[in-house]
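Residue numbers (our numbering), protein chains in the order written: chain A, 1 to 337; chain B, 338 to 674.
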């Protein structure tokens with residue numbers, strides 16, 4: 001048993017969640033609004049990171065000053081190295097320095113990753129951090145897909161580590177004991193897939209401490225027979241965006257039919273309340289954002305068009321996984337033997 | 338100008354389409370029914386390939402006898418090598434020998450590919466054949482995605498060839514002149530993606546005779562800014578199955594809401610006729626199946642659960658692309674310089 005070595009494990013709740021107030025398409029207004037709501041509704045301490053004179057009414061929330069902003073289209077590496085006083089970098093430093101429990105950003109994803117990696121550092125034994133994204137599952141907690149895009153090229157060693165980190169995350173995030181882990185492939189048989197997938201399948205099948213349930217296919221993503229779905233960041237990103245695109249397409253097509261004439265509008269009035277729970281399940285603002293796994297701190301990346309509500313979800317998730325000792329759990333599973 | 342060297346280019350319509358009567362979950366009944374319908378409705382000559390005493394009433398269609406059947410779960414390579422008198426192998430031989438214009442099968446996809454490859458041979462210059470699959474686009478012809486799963490591992494040279502073959506196919510299948518070709522990646526910028534994708538992007542950008550429109554992402558698949566979308570067979574298969582799975586998920590969820598009670602059933606009655614055109618657009622039985630590109634003959638692979646209607650579509654597509662000189666078009670674009 002490793003002794004707690006991070007603030008969130010020893011004094012959970014005593015530290016605020018650092019919210020990058022300047023990141024995202026709707027920053028700072030929606031971000032500040034979300035941070036205020038999170039503090040009011042959830043009772044979670046929040047510190048806003050950004051330029052105080054640009055934040056408007058912070059409702060009394062503490063502000064950690066940062067004079068620079070990483071733009072959504074900045075080249076991540078150079079931006080993070082150059083903009084040392086950016087809200088993104090300062091948020092990561094607050095976590096590193098034990099002044100914040102976790103960080104949340106709806107800004108430039110690559111730059112958020114780079115900030116977390118450069119300032120917090122990676123956990124000992126981690127080859128490369130991965131982005132874990134929740135995929136809604138009706139009637140159950142979401143499945144965790146990783147890597148969702150941090151690493152366009154992966155080795156089998158990395159994928160095995162993603163499996164371990166994903167399982168630890170499913171435990172901390174959804175309270176799943178003994179999570180099932182699946183490998184994304186193009187057939188259920190272990191002989192199917194790319195050389196990378198076949199090699200990873202063989203390694204996962206022999207790995208102790210993980211419940212490997214075998215391969216899954218793209219069509220299984222929305223009713224996954226596993227809590228964790230492992231893939232390389234290229235395939236994961238394509239699959240995730242394909243999922244988003246097709247759900248959006250279908251929603252748009254449906255709404256167009258609903259709006260066709262008076263008769264369809266009346267029919268829609270009957271159906272919409274019954275479709276609402278489904279829509280809520282797939283609302284990207286409700287899932288709490290993606291999590292960067294493998295760095296020495298909690299970093300939640302909310303989508304670029306985050307609303308105030310998305311920030312509330314992200315703050316809650318950041319707080320909850322920090323309190324559940326996510327980083328210690330990850331540190332244990334990736335620690336070199 | 339290359340002289341026509343295949344029956345379909347010189348005597349289109351003079352030869353029948355060979356339909357593998359024994360392949361598919363619903364074989365032979367649905368396959369035979371589809372072949373009969375195709376002959377009746379479209380006036381296309383069809384020859385059924387299979388065991389005559391198992392086919393029931395063929396409605397006077399010619400039968401090419403084949404005593405063996407490749408099962409849906411047979412290991413493709415060994416099955417095709419062992420079952421020399423299978424309907425799949427005999428259908429491919431009929432094309433090779435100039436006795437059929439094209440072949441259609443709803444059977445084992447891997448075995449259909451292997452039969453076509455081993456019996457028809459690959460076109461001169463082709464590194465590896467690819468499977469091209471139509472992705473519906475509202476208000477336009479489908480986009481062609483390739484490779485949809487024939488090659489789990491690809492080189493940039495292969496992807497460039499897929500681009501050329503996909504463009505030739507879009508021309509023959511949909512009459513598109515100067516088709517736009519896109520590369521599936523995880524960002525629009527040429528700096529995004531795996532090493533394979535970056536290398537392919539650079540090659541396509543410099544390639545004469547193709548209109549390369551750059552990278553597309555998973556979310557673009559249903560409103561693609563291109564006629565052809567190129568990817569490796571692993572990513573393509575995952576993306577396609579993710580698309581199928583999410584559309585099916587959404588359809589099922591919608592139908593469940595429609596069936597909830599008397600009020601929703603009445604509302605559904607108003608909406609269903611207006612949703613029908615959309616459903617038809619995405620009906621896998623209507624798109625005509627996937628096409629194996631790069632072999633010396635036309636081979637259409639219909640999905641395993643093909644109905645009679647799916648076979649009608651597949652026969653039509655097989656006939657049409659053969660008459661449009663698909664194989665000659667492909668031969669020209671892949672011919673070694």
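Glycine is no exception: its CB is placed at the ideal position from the N, C-alpha and C atoms.
Between residue 386 of chain B and chain A, is the shortest Cβ-Cβ distance under 7 Å, so that the two count as touching? Your numbering for residue 386 of chain B matches position 49 in the second chain. Taking Cβ atoms only, chain A never reaches closer than 7 Å to residue 386 of chain B, which makes this a no.
Out of B:672, B:591 and B:448, which has the shortest C-alpha to C-alpha gap to residue 268 of chain A? Locating residue 268 of chain A in the first chain gives position 268, counting from the first residue. It is B:591.
The beta strand (DSSP E) enclosing residue 548 of chain B, as first and last residue numbers: Residue 548 of chain B sits at position 211 when you count from the first residue of the second chain. Residues 548 to 553.
Among the residues of its own chain, which have a CB less than 8 Å from the CB of residue 466 of chain B, if the five just before and after it don't count? Numbered from 1 along the second chain, position 129 holds the residue referred to as residue 466 of chain B. Contacts found: 450, 453, 454, 459, 487, 629, 630, 631 and 632.
Identify every run of the beta strand (DSSP E) within the segment 136 to 218 of chain A, keeping only runs that are complete inside it and at least 3 residues long; order them along the chain. 140 to 146, 180 to 184 and 211 to 216
Confirm, please, whether the CB-CB distance from residue 515 of chain B to residue 499 of chain B is below 7 Å. Position 162 of the second chain, counted from the first residue, corresponds to residue 499 of chain B. Position 178 of the second chain, counted from the first residue, corresponds to residue 515 of chain B. Not closer than 7 Å, so no.
Work out the CA separation of residue 40 of chain A and residue 60 of chain A for me, nearest whole Å. Counting from one through the first chain, the residue named residue 60 of chain A turns up at place 60. Counting from one through the first chain, the residue named residue 40 of chain A turns up at place 40. Spanning the two alpha carbons is a distance of roughly 11 Å.
Nearest chain A C-beta to residue 580 of chain B closer than 7 Å, yes or no? Position 243 of the second chain, counted from the start, is the residue given in the question as residue 580 of chain B. With 7 Å as the cut-off, residue 580 of chain B counts as an interface residue toward chain A.
Looking at C-alpha atoms only, which residue of A:273, A:168, A:31 and A:21 is the closest neighbour of residue 328 of chain A? For the purposes of this step, residue 328 of chain A is taken as the residue at position 328 of the first chain. Residue A:168 is the option with its Cα nearest to residue 328 of chain A.
Quick one: which chain B residues come within Cβ less than 8 Å of residue 235 of chain A? The sequence position of residue 235 of chain A within the first chain is 235, counting from 1. Simply 571, 572 and 575.
Using C-beta distances below 6 Å, list every residue in its chain close to residue 188 of chain A, excluding the 5 sequence neighbours before and after it, in chain order. Taking the first chain and counting its residues from 1, the one referred to as residue 188 of chain A is at position 188. Excluding sequence neighbours, residue 188 of chain A sits near 215.
Taking the alpha helix (DSSP H) that residue 113 of chain A falls in, what are its first and last residues? Start at 1 with the first residue of the first chain, and residue 113 of chain A comes out as number 113. Per DSSP, residue 113 of chain A belongs to the alpha helix (DSSP H) from 109 to 115.
Looking only at its own chain, which residues have a Cβ that is under 8 Å from the Cβ of residue 374 of chain B, when we skip the five neighbours before and after it? The sequence position of residue 374 of chain B within the second chain is 37, counting from 1. The answer, listed in chain order, is 645, 646, 648 and 649.
So, is the C-beta of residue 378 of chain B closer than 7 Å to a C-beta in chain A? Within the second chain, residue 378 of chain B is the residue found at index 41, counting from 1. Residue 378 of chain B does not count as touching chain A.
Use the C-beta contact count for residue 410 of chain B: other C-beta atoms within 10 angstroms, 16 or more gives buried, fewer gives exposed. The sequence position of residue 410 of chain B within the second chain is 73, counting from 1. Exposed.
Does the Cβ-Cβ distance between residue 427 of chain B and residue 457 of chain B come in under 7 Å? In the second chain, residue 427 of chain B corresponds to position 90, counting from 1. In the second chain, residue 457 of chain B corresponds to position 120, counting from 1. Not a contact, by the Cβ cut-off of 7 Å.
Roughly how far, in whole angstroms, is the beta-carbon of residue 519 of chain B from the beta-carbon of residue 481 of chain B, given that I think they are within contact range, below 8 Å? The sequence position of residue 519 of chain B within the second chain is 182, counting from 1. The sequence position of residue 481 of chain B within the second chain is 144, counting from 1. Not confirmed; about 11 Å, so no contact.
Taking residue 109 of chain A as the query, report the chain B residues whose CB atoms sit under 9 Å from its CB, ordered along the chain. Counting from 1 along the first chain, the entry for residue 109 of chain A is found at position 109. Going along chain B, no residue has its Cβ under 9 Å from residue 109 of chain A, so there is no contact; the nearest lies around 10 Å.
Can you say whether residue 510 of chain B is buried or exposed, counting buried as having 16 or more other CB atoms within 10 angstroms of its CB? In the second chain, the residue the question calls residue 510 of chain B occupies position 173. It is buried - the Cβ of residue 510 of chain B has at least 16 other Cβ atoms within 10 Å.
Of all the beta strand (DSSP E) runs that stay within the bounds of the segment 263 to 307 of chain A, which reach a length of 3 or more residues? 290 to 293 and 299 to 301
Which ranges does the alpha helix (DSSP H) cover as unbroken runs of at least 4 residues, wholly within the segment 400 to 460 of chain B, from first to last along the chain? 413 to 419, 424 to 433 and 446 to 452
Which of the three DSSP states is assigned to residue 568 of chain B in this structure? Translated into positions along the second chain, residue 568 of chain B becomes position 231. Correct three-state label for residue 568 of chain B: coil.
Residue 387 of chain B, enclosing beta strand (DSSP E) - first and last residue: Translated into the one-based positions of the second chain, residue 387 of chain B becomes position 50. Where residue 387 of chain B is concerned, the enclosing beta strand (DSSP E) stretches over 383 to 387.
Can you tell me whether DSSP reads residue 354 of chain B as helix, strand or coil? The residue labelled residue 354 of chain B in the question sits at position 17 within the second chain. Residue state, collapsed to three classes: strand.
What did DSSP end up calling residue 469 of chain B once you bin it into helix, strand or coil? By 1-based counting over the second chain, the position of residue 469 of chain B is 132. Strand, per DSSP.
Report the rounded CA-to-CA distance for residue 370 of chain B versus residue 558 of chain B, giving the unit in angstroms. Position 33 of the second chain holds residue 370 of chain B. Position 221 of the second chain holds residue 558 of chain B. Going from the Cα of residue 370 of chain B to the Cα of residue 558 of chain B covers about 33 Å.
Along the chain, where does the alpha helix (DSSP H) that runs through residue 328 of chain A open and close? Here the question's residue 328 of chain A lines up with position 328 in the first chain. From DSSP, the alpha helix (DSSP H) with residue 328 of chain A extends over 326 to 334.
List the whole-angstrom C-beta distance separating residue 46 of chain A from residue 17 of chain A, where the pair is believed to meet the contact cut-off of C-beta under 8 Å. For the purposes of this step, residue 46 of chain A is taken as the residue at position 46 of the first chain. For the purposes of this step, residue 17 of chain A is taken as the residue at position 17 of the first chain. Going by Cβ atoms, the distance from residue 46 of chain A to residue 17 of chain A rounds to 5 Å, so yes, they are a contact pair.
Supposed contact pair residue 626 of chain B and residue 651 of chain B - C-beta distance, whole angstroms, cut 8 Å: For the purposes of this step, residue 651 of chain B is taken as the residue at position 314 of the second chain. For the purposes of this step, residue 626 of chain B is taken as the residue at position 289 of the second chain. Yes, residue 651 of chain B and residue 626 of chain B are in contact; Cβ-Cβ is about 4 Å, under 8 Å.
Could you tell me which of B:563, B:528, B:367 and B:593 sits nearest to residue 508 of chain B, measuring between CA atoms? Translated into positions along the second chain, residue 508 of chain B becomes position 171. Residue 508 of chain B has its Cα closest to that of B:563, out of B:563, B:528, B:367 and B:593.
How many Å lie between residue 447 of chain B and residue 581 of chain B at the Cα? As a first step, residue 447 of chain B is located in the second chain; it is residue number 110 there, counting from the start. As a first step, residue 581 of chain B is located in the second chain; it is residue number 244 there, counting from the start. Spanning the two alpha carbons is a distance of roughly 20 Å.
With distances taken between CB atoms, is the gap from residue 334 of chain A to residue 125 of chain A smaller than 7 Å? As a position in the first chain, residue 334 of chain A is number 334, starting the count at 1. As a position in the first chain, residue 125 of chain A is number 125, starting the count at 1. Result yes, Cβ atoms of residue 334 of chain A and residue 125 of chain A sit closer than 7 Å.
Using three-state DSSP, classify residue 22 of chain A as helix, strand or coil. Counting from one through the first chain, the residue named residue 22 of chain A turns up at place 22. It is coil, neither helix nor strand.
State the start and end residues of the unbroken alpha helix (DSSP H) segment that holds residue 378 of chain B. Along the second chain, read from residue 1 onward, the residue named residue 378 of chain B stands at position 41. Looking at the DSSP string, residue 378 of chain B is not in any alpha helix (DSSP H), and its letter there is neither H nor E.
If we ignore side chains and look at the alpha-carbon of each, how far apart do residue 372 of chain B and residue 387 of chain B end up? What you label residue 372 of chain B is simply residue 35 of the second chain in a count that begins at 1. What you label residue 387 of chain B is simply residue 50 of the second chain in a count that begins at 1. Residue 372 of chain B and residue 387 of chain B: Cα-Cα distance of roughly 13 Å.
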